[in-house]
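Numbering (our numbering), first residue to last: 27 to 152.
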């Protein structure tokens, strides 16, 4: 792909580096305002540039690049938020499960437990 001046072809890595240098601070500030921690914001920005690398031909040239990157960041933040919610629901379920009292085996299950105890460790796993 030629550069805007048409003097030389642009190497994809060079284009990504130019995009990063020009826009990573703005994207980090955007993500930091919307993420619970700076580390989460940095993860969002890393994902944005991974998408940009994969879809480099789709990234508009010039002034169109930053709005395109913001759009990717917005969707990435949405994915991150949904992931946090899923993890929170799972953690809640696990906490509820671990709060249940252990059931003591009934006398009827004693022969089965004895038979299981005689099996090898590998067979017990099955």
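Beta carbons: idealized from backbone N, C-alpha and C, even for Gly.
Straight across, the Cα-Cα distance linking residue 85 with residue 123 is about 47 Å. Put simply, the segment 46 to 63 touches the segment 87 to 98. At least three CB pairs are less than 8 Å apart.
Within the segment 61 to 132, the alpha helix (DSSP H) runs of at least 4 residues that lie entirely inside it are, in chain order, 64 to 80 and 91 to 125. When C-alpha distances from residue 82 are compared across 98, 133, 116 and 68, the shortest belongs to 98. Here residue 139 has 131 as same chain residues with Cβ atoms under 7 Å from its own Cβ, once five neighbours each way along the sequence are excluded. Linking residue 48 to residue 64 through their CA atoms gives a straight-line distance of about 20 Å.
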